[in-house]
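If you read the sequences in order, they're chains A and B.
Note that this note's numbering has the first sequence beginning at -18, numbered continuously upward.
Note that this note's numbering has the second sequence beginning at 2, numbered continuously upward.
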Amino acid sequence: MAYSDKVVDHFNNPRNMGSFKKDEEGVGTGMVGAPECGDVMKLQIKVQNDTIVDAKFKTFGCGSAIASSSLATEWLKGKTIEEAQKIKNTDIVQELNLPPVKIHCSVLAEDAIKAALADYQKKSEAK
Amino acid sequence: MKLPIFLDNHSTTPMDPRVLETMLPFFVEKFGNAASRNHAFGWEAEEAVENARKQIAKLIKADPKEIVFTSGATESDNLALKGVLEMYKEKGHHIITSSTEHRAVLDTAKSLEAKGLATVTYLPVDKQGMVNPEDVRKAITDKTVLISVMLANNEIGTINPVQEIGRIAKEKGILFHCDATQGVGKIPVDVQAMGIDLMSFTAHKIYGPKGVGALYVRKKNPRVRIAAQMDGGGHERGMRSGTLPVPLIVGFGKACELCEQEMAKESVRLAAMRDRLQAGIMAALDECYLNGHPTNRLPGNLNISFAYVEGESLLMGMKDIALSSGSACTSATLEPSYVLRALGVGTELAHSSIRFGLGRFTTDEEIDYTIKKVIEIVNKLREMSPLYEMAKEGIDLKSVQWAAH
């Protein structure tokens, strides 16, 4: 299977790879997928004044899964919580030119975004 | 050193230039039909085919008359299973095979089952991928007509105790088919000593051309009969009709001759390189697991699972090395390798497996390069893996409630 140039680029030069401390102020963490399924994504956002100022990811999965989560962190930075909610997996498919068999990677990335946002909101409401 | 490097010699092999050389005259100059009995063109082709038959038979210690040419090992497997089941249907309809066979055997067995033509027992294998001969014995019923167990596995390289299975088959008077596609030309094969009645193998796995294979069909003690699955001119003693592809057969013969002459030296060289590859990788990386049997395996085979990294991403990170993975992402079925699953390898480790297949043209320099690249990419991807991070934090990944999708 041939990969699109963008997938290859994200795979070779992943953006924002790494982790925040989960209990750090303003950090929301989303972890989706399962090792048995062959992909697990951890996506984290750091929020200040309702805006995502930083994002990080770690992914166990194929090249397309890594690229999808790398792209997601790029897109999240600078967005408000509300704007971030609107990122759709189809946007990722389009941007990375993912073939049909890799659409689940984009779905997983959208799920990871949603999970990170939900975690952040749960934490801020708890205060 | 030329890139990309080919380390996928279980999938196919490059043709040996010496093989190509022997084939060339048989395309334009010596183009005759080996079945033409009335002119020199036909005689010349027939002579070349019979010479190849001898070379092939010699490699497996058979009689040349016991070689039936086919299009490849898949066809040979189909012909063996379907041909035997049809021919011996009065005697019974039970097949015994193993769960790690190649799809050409498994899917043929399933197709026979689905059509109501056979009942099939799929024997389990042990943790190293070996069939237990005693399991074969226990599975035999009065309706069993065929035992089909592979010589060496295409993914993990494990070599089965074929000789013992052959002995049990003889003792019980049941035919024994062996898919020896990965074993012939790599390890010594003796159809007499191994008690094999039918055996599938192919040219392109042993530095010969694609598109030709053979089914060994025993002629004596017992005389094995199979029902043809292809109707036509009655070639190959009526077992497989169709004009013989003379150039391919000539190449197949030469490929077998070369294996026969060079196997002893070549297998020692391959095993030494393979062991060095394994040692080089394992010395530098933790949590790498060898799949298959540690010693009783094909000399050119190495299959390793790299915990916490996914196979397809490993391949992507080493795109100048041609390899294969048991990861679901590289298969059409979205399931990770059924062979590794049959060994009891966890799904997550099956997703993380890489198969290295060394061959006649693999060099020491290529092995050095591969060791370096594997270490580099595994470290890079582990750095990127949330699972590796969790494991390093001491979290038991089995205790985590995953949000499966």
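The beta carbon of each residue, even a glycine, is placed where N, CA and C say it ideally should be.
If you drop the 5 nearest sequence neighbours on each side, which residues of the same chain put their C-beta closer than 6 Å to that of residue i?
i: glycine 318 (chain B); result: Ile378
i: threonine 61 (chain A); result: Asp31, Thr32
i: glutamine 66 (chain A); result: none
i: glutamine 164 (chain B); result: Met195
i: lysine 31 (chain B); result: Glu45
i: isoleucine 47 (chain A); result: Phe(-8), Thr40
i: glycine 158 (chain B); result: Gly293, Arg298, Leu299, Asn302
Evaluate residue i with the Cβ neighbour count: other Cβ atoms within 10 Å of its Cβ, from every protein chain shown; 16 or more gives buried, anything less gives exposed.
i: threonine 296 (chain B); result: exposed
i: glutamate 311 (chain B); result: buried
i: alanine 97 (chain A); result: buried
i: aspartate 92 (chain A); result: buried
i: serine 314 (chain B); result: buried
i: glutamine 56 (chain B); result: buried
i: arginine 226 (chain B); result: exposed
i: threonine 54 (chain A); result: buried
i: valine 375 (chain B); result: buried
i: proline 223 (chain B); result: exposed
i: histidine 40 (chain B); result: exposed
i: phenylalanine 202 (chain B); result: buried
i: glutamate 366 (chain B); result: exposed
i: glycine 73 (chain B); result: buried
Could you please give the first and the last residue of the uninterrupted alpha helix (DSSP H) stretch that includes residue i?
i: aspartate 369 (chain B); result: 365 to 385
i: histidine -9 (chain A); result: -14 to -7
i: asparagine 79 (chain B); result: 74 to 88
i: arginine 277 (chain B); result: 247 to 285
i: leucine 57 (chain A); result: 44 to 57
i: lysine 171 (chain B); result: 163 to 173
i: valine 121 (chain B); result: No alpha helix (DSSP H) contains valine 121 (chain B), which is instead part of the beta strand (DSSP E) from 120 to 124.
i: tyrosine 101 (chain A); result: 84 to 107
i: lysine 139 (chain B); result: 134 to 140
i: arginine 104 (chain B); result: 104 to 115
i: leucine 350 (chain B); result: 348 to 352
Give every residue of the same chain whose Cβ lies closer than 7 Å to the Cβ of residue i, excluding the five residues on either side of it in the sequence, and list them in chain order.
i: serine 87 (chain A); result: Ser49, Asn70, Ile73, Val74, Leu79
i: glutamate 261 (chain B); result: Lys59, Leu60
i: valine 13 (chain A); result: Met22, Leu89, Asp92, Ala93, Ala96
i: glutamine 230 (chain B); result: Asn79, Leu80, Lys83, Gly84
i: lysine 221 (chain B); result: none
Cβ of residue i less than 7 Å from any chain A Cβ?
i: leucine 324 (chain B); result: no
i: serine 314 (chain B); result: yes
i: leucine 341 (chain B); result: no
i: glutamate 288 (chain B); result: no
i: leucine 388 (chain B); result: yes
i: threonine 348 (chain B); result: yes
i: histidine 352 (chain B); result: yes
i: alanine 308 (chain B); result: no
i: glutamate 311 (chain B); result: yes
i: methionine 317 (chain B); result: yes
i: alanine 404 (chain B); result: yes
With C-beta atoms as the reference, is residue i less than 7 Å away from residue j?
i: glutamate 172 (chain B); j: valine 69 (chain B); result: no
i: threonine 98 (chain B); j: alanine 81 (chain B); result: no
i: glutamine 25 (chain A); j: phenylalanine 1 (chain A); result: yes
i: asparagine 155 (chain B); j: histidine 103 (chain B); result: yes
i: leucine 152 (chain B); j: aspartate 136 (chain B); result: no
i: valine 213 (chain B); j: leucine 199 (chain B); result: no
i: alanine 53 (chain B); j: phenylalanine 253 (chain B); result: yes
i: aspartate 17 (chain B); j: tyrosine 309 (chain B); result: no
i: glycine 174 (chain B); j: isoleucine 197 (chain B); result: no
i: asparagine 304 (chain B); j: arginine 342 (chain B); result: no
i: isoleucine 396 (chain B); j: leucine 278 (chain B); result: no
i: isoleucine 96 (chain B); j: valine 121 (chain B); result: yes
i: leucine 359 (chain B); j: leucine 259 (chain B); result: no
Return no unless some Cβ of chain B is closer than 7 Å to the Cβ of residue i.
i: phenylalanine 1 (chain A); result: no
i: proline 16 (chain A); result: yes
i: valine 21 (chain A); result: yes
i: glycine 9 (chain A); result: no
i: valine 74 (chain A); result: no
i: cysteine 43 (chain A); result: yes
i: lysine 39 (chain A); result: yes
i: valine 13 (chain A); result: yes
Which residues in the same chain have their Cβ closer than 8 Å to the Cβ of residue i, if we skip the five residues on either side of it in sequence?
i: lysine 373 (chain B); result: none
i: glutamate 76 (chain A); result: Lys(-13), Leu52
Kindly indicate the opening and closing residues of the beta strand (DSSP E) around residue i.
i: asparagine 52 (chain B); result: Element bounds for asparagine 52 (chain B): not the beta strand (DSSP E) but the alpha helix (DSSP H), 41 to 61.
i: cysteine 18 (chain A); result: Element bounds for cysteine 18 (chain A): n/a, residue is neither H nor E.
i: methionine 319 (chain B); result: Per DSSP, methionine 319 (chain B) belongs to no beta strand (DSSP E) and is neither H nor E.
i: histidine 178 (chain B); result: 176 to 180
i: methionine 195 (chain B); result: Element bounds for methionine 195 (chain B): n/a, residue is neither H nor E.
i: histidine 95 (chain B); result: 95 to 99
i: tyrosine 290 (chain B); result: 289 to 291
i: valine 34 (chain A); result: 32 to 41
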